[in-house]
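Enquirer:
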Amino acid sequence: MGTFEALDDFLSDGLDLPVKGEDGVVREYHIPDPSAEAGIKIERITSLAARLAAGGTAPDTSVLDDEEELDLYRLCLGPAYDKLIAETSWSMFKHVSLTVMFWVTTDEDTALEYWRTGVAPGKAARNRAERRQMSRASSAKGAANGTRSPASTSGTRAASQRRSRGGHGRSRTQT
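Numbering follows the numbering used here, with no gaps: position 70 of the sequence shown is 758.
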C-alpha cells in the first residue's frame, strides 16, 4: 500500500491574477485559497444557483440581493477584496470574482477557461454545438431550395429540341 503525500504538494494555495486597474496599470493580485468555512458557503450558494438554473425557471425572488452578491465576492476574494474593489472597474472586479468562484467550486482549468473567455464553462461548447446544428439545418434547407430537381432539363439538348417542336420551328399543321 502506498503512502499519502502532503496535500499541499498538489493543491494550489491561491491564484495570481494580472488585472488592469482603473488607472490603466496592470497589477498582479494574489487571491489566497479561502478558508474551509468560506469555501463551504461559496459551494452552497453556487450549487443553489446551479439548481435553479437547471430547473429552467426563474425563481420568484432574487437568489442573491446586492449585499449578498458582494458578500459572495468577499468570500471568494478574501483579503484581496478591498484592494480590488478600490482599484478596478466593476467589470474587472466581477470578472476576477467569478474566475475565483470557478476556481473554488471546480478547478484551476475551469477558472482559466472563464478568465480567458468570459463565458461560463460549458456554455461555449453548447453554443458552438447549437450553432453547428443551426448551420446544418440551414445548409440542408438551402440545398433543398437551391438544387434543381432531377426532372429539370433546363439547358440540355433534349429540352431545346422539345421547345423547337412546340412552335418555334415548323408547325405540325404545315405540310
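Using N, Cα and C, we set each Cβ at its ideal position, and we do this for glycine too.
1) Taking the DSSP output, what are the residues bridged to P722?
2) Do E775 and E716 count as a contact pair if the criterion is CB distance below 8 Å?
3) Looking at the strands, I want to know which residues DSSP matches up with V714.
4) By a C-beta neighbour count over all protein chains shown, 10 Å radius and 16 as the cutoff for buried, is V713 buried or exposed?
5) For W803, which residues of its own chain have a beta-carbon under 6 Å away from its beta-carbon, when the five flanking residues on both sides are left out?
6) Going along the chain, which unbroken runs of the beta strand (DSSP E) with 3 or more residues stay wholly within the stretch 767 to 802?
7) What's the gap between the Cα of S723 and the Cα of K708?
8) Pick from C764, R739, F692: whose alpha carbon is nearest that of A799?
9) Output the distance between the C-alpha atoms of I730 and D701, rounded to the nearest integer angstrom.
10) Taking 8 Å as the CB-CB cut-off, is D797 touching chain C?
11) Does the beta-carbon distance from Y761 to S779 come in below 8 Å?
12) Quick check on the burial criterion: 16 or more other C-beta atoms within 10 angstroms. Buried or exposed for V807?
13) When you compare only the Cα positions, how much space is there between D795 and D721?
14) What do you reckon, are the CB atoms on P809 and F790 nearer than 8 Å?
15) Leaving aside the five residues before and after D704 along the sequence, list all residues of the same chain whose C-beta is less than 6 Å from its C-beta, in chain order.
16) Candidates P706, G727, G690, A726: which alpha carbon is nearest H783's?
Expert: To lay it out plainly:
1) Answer by DSSP bridge pairing: none, since P722 is not bridged.
2) Cβ atoms of E716 and E775: not closer than 8 Å.
3) According to DSSP, which records beta bridges pairwise, V714 is partnered with K708.
4) Its Cβ having fewer than 16 others within 10 Å, V713 is exposed.
5) Spatial neighbours of W803 in its own chain (CB-CB distance under 6 Å, excluding positions within 5 residues in sequence) are listed in chain order as T787.
6) The qualifying runs do not exist here; there are none.
7) Taking the straight line from one Cα to the other gives about 27 Å.
8) Its Cα nearest to that of A799, the residue C764 stands out among C764, R739, F692.
9) Going by C-alpha positions, I730 is about 17 Å away from D701.
10) Considering every chain present, this structure includes no chain C. It has just one protein chain.
11) Pairing Y761 with S779 gives a Cβ-Cβ distance that is not under 8 Å.
12) The residue is exposed, with fewer than 16 neighbouring Cβ atoms inside 10 Å.
13) Rounded to the nearest angstrom, the two C-alpha atoms are 12 Å apart.
14) Yes. Within cutoff.
15) E716, H718.
16) Residue P706 is the option with its Cα nearest to H783.
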